[in-house]
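Visitor: Sharing a structure here in structure tokens format.
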Amino acid sequence: MRILVTGATGTLGGALVPALLKAGHEVRALSRTKREDRGNVEWMWGDLISGAGVKEAVDGVDAIAHLATSGRRGRGAVDVPGTRTLLILARAARVPHVLLTSMVGADRAVHGYLKDKLEAERLVTESGLDWTILRATPFHQWLHRRLRDFAALPVLPVDRSLPWQPVHTGEVATRAAALLSAGPAGREIEFGGPEVIDTGELVRTWLRASGLRRPCLPVRYPGRLYAAQRAGDLTTDAVPKGEISWHDYLLPPQPILSDDFASEHTASPTSPATQPEQDPDLHVYGGDEGYERPTRS
41 MRILVTGATG
51 TLGGALVPAL
61 LKAGHEVRAL
71 SRTKREDRGN
81 VEWMWGDLIS
91 GAGVKEAVDG
101 VDAIAHLATS
111 GRRGRGAVDV
121 PGTRTLLILA
131 RAARVPHVLL
141 TSMVGADRAV
151 HGYLKDKLEA
161 ERLVTESGLD
171 WTILRATPFH
181 QWLHRRLRDF
191 AALPVLPVDR
201 SLPWQPVHTG
211 EVATRAAALL
221 SAGPAGREIE
231 FGGPEVIDTG
241 ELVRTWLRAS
251 GLRRPCLPVR
261 YPGRLYAAQR
271 AGDLTTDAVP
281 KGEISWHDYL
291 LPPQPILSDD
301 FASEHTASPT
311 SPATQPEQDP
321 DLHVYGGDEG
331 YERPTRS
């Protein structure tokens, strides 16, 4: 299949593109920056907010993976008007399948940015197109970046009453690729990480992995969205789940190899296994642009 990916340069997009290529699909990637085609990826210039270039991008594709989002601070500019524009043009082009990525809890905690996510879901389900909605819990990579923003503080504010269910973007990408291959599901599908942990454990593990020492100040974050998170509305029991825990993402376990195995299977310097740019697995499980290896300071 030829699949258009919006948000292809983002954290999840950087993992989904190689996952789709590995599954044997052709990928057309939408970007607001003009890029040269590389490998089996056809880059198309387009802007979901203005609609420029989007008509050309949707023409002739078998499915759309709509990942582009405004995020928490974008006031829904892409999530709502951008999604509406994409769907109008996709319907005109008779695209057979649209997969939208959303967030777990969008239907239960209709506050803040989740309100925009739910509205984007509504636009998809009422578009007249065949669809799938994949709701994911927060990404390991996003949480790592968010905690890094607080690293310079002498004390970290921690609300231990908040549960988190972090999931690796590579595993979300693998799930999305499988759903695209399977065809329209016509329903909302949730996908979360393997465990639910509180903010205290989340921060302690991150500090240890980062080689930092910071006292943690107990606080209680106000607001309806945090109240919904506190009630468990942003976690899911859906299966299958991801397998990479928060601990293993930050502190990957070292493989134990026997002497015989190591001597028989060590890759040569010219092996594809030692060439990151040619290894799609590396890009799916941590090599995408949204990932940065924790550093010690």
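For the sequence shown, our numbering assigns the number 41 to the initial residue and increments by one for each residue that follows.
For glycine and all other residues, C-beta sits at the position ideal for the given N, C-alpha and C.
By the three-class DSSP mapping on this structure, what secondary structure does aspartate 156 have?
Guide: In this structure, aspartate 156 counts as helix in the three-state DSSP scheme.
Visitor: DSSP three-state label for leucine 174, please.
Guide: Leucine 174 falls in the strand class under three-state DSSP.
Visitor: How long is the line joining the alpha carbons of isoleucine 128 and valine 98, rounded to whole angstroms?
Guide: Between isoleucine 128 and valine 98, the C-alpha separation is close to 10 Å.
Visitor: In the DSSP assignment, find the beta strand (DSSP E) that holds proline 258 and state where it starts and stops.
Guide: Element bounds for proline 258: 256-258.
Visitor: Would you list the residues sitting across from isoleucine 237 in a DSSP beta bridge?
Guide: In DSSP, isoleucine 237 forms a bridge with Trp204.
Visitor: Taking the continuous beta strand (DSSP E) assigned at alanine 105, which residues delimit it?
Guide: Counting along the chain, the beta strand (DSSP E) containing alanine 105 begins and ends at 103-106.
Visitor: Which of helix, strand or coil does DSSP assign to serine 90?
Guide: Serine 90: coil per DSSP, three-state reduction.
Visitor: Kindly indicate which three-state DSSP category glutamate 161 falls into: helix, strand or coil?
Guide: In this structure, glutamate 161 counts as helix in the three-state DSSP scheme.
Visitor: Report all residues from its chain with a CB closer than 6 Å to the CB of proline 197; omit the five preceding and five following residues, and keep chain order.
Guide: Contacts found: Leu257, Val259.
Visitor: Determine whether the beta carbon atoms of alanine 149 and leucine 265 lie at a separation below 8 Å.
Guide: A contact, by the Cβ cut-off of 8 Å.
Visitor: Under 8 Å, with one C-beta from each stretch per pair, do the region 54-67 and the region 209-221 reach the 3-pair mark?
Guide: A contact exists between the region 54-67 and the region 209-221.
Visitor: On the three-state DSSP scale, how would you describe glycine 53?
Guide: If DSSP states are grouped into helix, strand and coil, glycine 53 belongs with the helices.
Visitor: Please report the Cβ distance between threonine 46 and leucine 126, rounded to the nearest whole angstrom; I am assuming they are in contact, meaning their Cβ atoms lie under 8 Å.
Guide: The Cβ separation is near 7 Å, so the contact holds.
Visitor: Check whether the region 278-292 touches the region 164-173, taking contact to mean three or more Cβ pairs, one atom from each stretch, closer than 8 Å.
Guide: At 8 Å Cβ cutoff, the stretches do not touch.
Visitor: Do glutamate 230 and alanine 278 count as a contact pair if the criterion is CB distance below 8 Å?
Guide: Yes, these two residues count as a Cβ contact at 8 Å.
Visitor: If you drop the 5 nearest sequence neighbours on each side, which residues of the same chain put their C-beta closer than 6 Å to that of tryptophan 85?
Guide: So the qualifying residues of the chain are Lys74, Gly93.
Visitor: Indicate whether asparagine 80 and glutamate 96 have their beta-carbon atoms separated by less than 8 Å.
Guide: Going by C-beta atoms, asparagine 80 is not nearer than 8 Å to glutamate 96.
Visitor: Exposed or buried, which one is valine 101 when buried takes at least 16 other CB atoms within 10 Å?
Guide: Looking at its Cβ environment, which holds 16 or more other Cβ atoms inside 10 Å, valine 101 is buried.
Visitor: Check for me: the alpha helix (DSSP H) holding isoleucine 128 runs from which residue to which?
Guide: Residues 123-132.
Visitor: In angstroms with no decimal places, state the Cα-to-Cα distance between proline 280 and threonine 141.
Guide: Cα to Cα, proline 280 sits roughly 17 Å from threonine 141.
Visitor: Taking the DSSP output, what are the residues bridged to arginine 78?
Guide: Its beta-bridge partners are Val81.
Visitor: Whose C-alpha, out of Leu183, Leu60, Arg215, Ile104, is nearest the C-alpha of isoleucine 237?
Guide: Nearest C-alpha to isoleucine 237: Leu183.
Visitor: What residues in its chain sit with their C-beta under 6 Å from that of serine 201, if we drop five residues either side in the sequence?
Guide: The answer, listed in chain order, is Arg270.
Visitor: Please report the straight-line C-alpha distance between threonine 341 and histidine 137, rounded to a whole angstrom.
Guide: Since the first residue of the chain shown is 41 and the last is 337, residue 341 is not available in this structure.
Visitor: Among Arg78, Ile89, Trp83, Met41, which residue has its Cα nearest to the Cα of alanine 63?
Guide: Residue Met41 is the option with its Cα nearest to alanine 63.
Visitor: DSSP three-state call for valine 324: helix, strand or coil?
Guide: Annotation note: pLDDT 32 at valine 324 (below 50); position unreliable, coordinate value reported separately. Looking at valine 324 - three-state DSSP - the assignment turns out to be helix.
Visitor: Let's test the definition: count the other Cβ atoms within 10 Å of the Cβ of serine 90 and tell me whether it reaches 16, buried, or not, exposed.
Guide: Counting Cβ neighbours within 10 Å, serine 90 comes out exposed, since fewer than 16 surround it.
Visitor: Whole-angstrom Cβ separation of leucine 220 and leucine 154, contact assumed at under 8 Å?
Guide: 24 Å between Cβ atoms; not a contact.
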